[in-house]
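Numbering (the numbering used here), first residue to last: 1 to 246.
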């Protein structure tokens with residue numbers, strides 16, 4: 001993140017949220033998302049966002065499923081693919097109807113696609129992760145996957161040939177924070193996975209800046225992440241397991 005103190009505030013951490021499990025950490029900031037370490041094996045997903053009537057950017061995505069269809073004339077059964085649009089309304093995922101799309105487009109035509117344009121967009125370009133970048137980082141013998149979701153676009157990880165970079169250097173820009181995909185508004189989702197893509201608990205790489213007040217009335221944790229803390233928390237236990245200390 002482009003912050004003067006080098007720290008990032010986590011406003012929605014790893015754990016239970018809205019009756020579901022949140023596998024990463026939502027960071028309440030704007031601007032560029034920067035890689036905290038050197039990242040390899042970069043992969044991307046594509047996504048969209050809409051601007052609602054109130055002028056707020058909200059995520060939108062497409063779901064596909066195969067259903068059985070019975071022809072009313074012949075009686076024959078076939079399988080057909082059904083695609084549906086979805087968006088966030090408040091904190092809840094809802095179907096994105098033609099009526100909603102028409103209202104958004106009529107209010108902000110330069111910032112929205114029409115319902116028909118969205119339905120014509122391939123599902124793989126409307127991922128729940130939005131425009132996202134992921135890559136691996138190795139500490140000792142352990143590979144970690146870092147995921148950056150809900151970016152405005154993927155231009156910062158494109159190469160000169162129009163494809164995508166396979167590596168990103170520490171401090172390099174990953175993208176601009178936005179609200180593409182399964183997202184209620186502009187924020188940065190940062191997620192760390194270990195082993196076979198199991199999410200890694202927030203406590204392993206975040207620091208509670210208010211922990212000295214943990215026993216006081218009205219205490220609320222305020223999490224931060226910085227590269228040094230990240231590496232100490234993630235690398236330290238791994239290096240000690242390998243018999244290397246410093």
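Each residue gets a CB set at the ideal place from its N, CA and C atoms; glycine is no exception.
Quick caveat, the model's predicted, so the values are computed rather than measured.
Just how far apart, CA to CA, sit residue i and residue j?
i: residue 13; j: residue 76; result: For residue 13, the predicted structure reports a pLDDT of 46, less than 50, and the residue's modelled location is therefore unreliable. The matter cannot be settled from this model.
i: residue 98; j: residue 170; result: 43 Å
i: residue 155; j: residue 79; result: 38 Å
i: residue 55; j: residue 35; result: 30 Å
i: residue 190; j: residue 70; result: 44 Å
i: residue 137; j: residue 167; result: 10 Å
i: residue 114; j: residue 212; result: 51 Å
i: residue 46; j: residue 150; result: 9 Å
i: residue 23; j: residue 187; result: Caution is warranted here: a pLDDT of 48 is assigned to residue 23, below 50, making its placement in the model unreliable, and the coordinate value is therefore given only provisionally. Cα to Cα, the separation comes out at about 15 Å.
i: residue 90; j: residue 66; result: 29 Å
i: residue 64; j: residue 108; result: 27 Å
i: residue 32; j: residue 110; result: 23 Å
i: residue 100; j: residue 159; result: 36 Å
i: residue 96; j: residue 217; result: 43 Å
i: residue 92; j: residue 215; result: 34 Å
When we look at the beta-carbon of residue i and count the other beta-carbons within 10 Å, is it buried (16 or more) or exposed?
i: residue 62; result: buried
i: residue 44; result: buried
i: residue 161; result: exposed
i: residue 117; result: exposed
i: residue 192; result: buried
i: residue 37; result: buried
i: residue 178; result: buried
i: residue 49; result: buried
i: residue 182; result: buried
i: residue 219; result: exposed
i: residue 52; result: buried
i: residue 112; result: buried
i: residue 15; result: With a pLDDT of 45 at residue 15, under the threshold of 50, the modelled position of this residue cannot be trusted, and the question is left open.
From the options, pick the residue whose C-alpha is nearest to that of residue i; which is it?
i: residue 59; options: 127, 213, 161, 173; result: 127
i: residue 81; options: 31, 194, 68; result: 68
i: residue 140; options: 109, 188, 194; result: 194
i: residue 164; options: 135, 178, 70; result: 135
i: residue 57; options: 217, 130, 64, 219; result: 130
Check the C-beta distance from residue i over to residue j and give it rounded, since I have them as a contact under 8 Å.
i: residue 176; j: residue 157; result: Wrong, their Cβ atoms sit about 11 Å apart, outside the cutoff.
i: residue 152; j: residue 184; result: Between residue 184 and residue 152 the Cβ distance is about 16 Å, and since that is not below 8 Å, they are no contact.
i: residue 94; j: residue 84; result: With 8 Å as the limit, residue 94 and residue 84 do not qualify as a contact, their Cβ atoms being about 11 Å apart.
Practice task
Could you tell me whether the stretch 139-150 touches the stretch 116-126, using the rule of 3 or more Cβ pairs below 8 Å?
Solution key: no
Exercise for the section: Could you tell me whether the stretch 34-44 touches the stretch 94-111, where touching means 3 or more Cβ pairs closer than 8 Å? Expected result: Under the three-pair Cβ rule at 8 Å, the stretch 34-44 does not count as touching the stretch 94-111.
Problem - Validate contact between the stretch 169-183 and the stretch 66-75 using beta carbons, cut 8 Å, 3 pairs - result: Output reads no: the stretch 66-75 does not touch the stretch 169-183.
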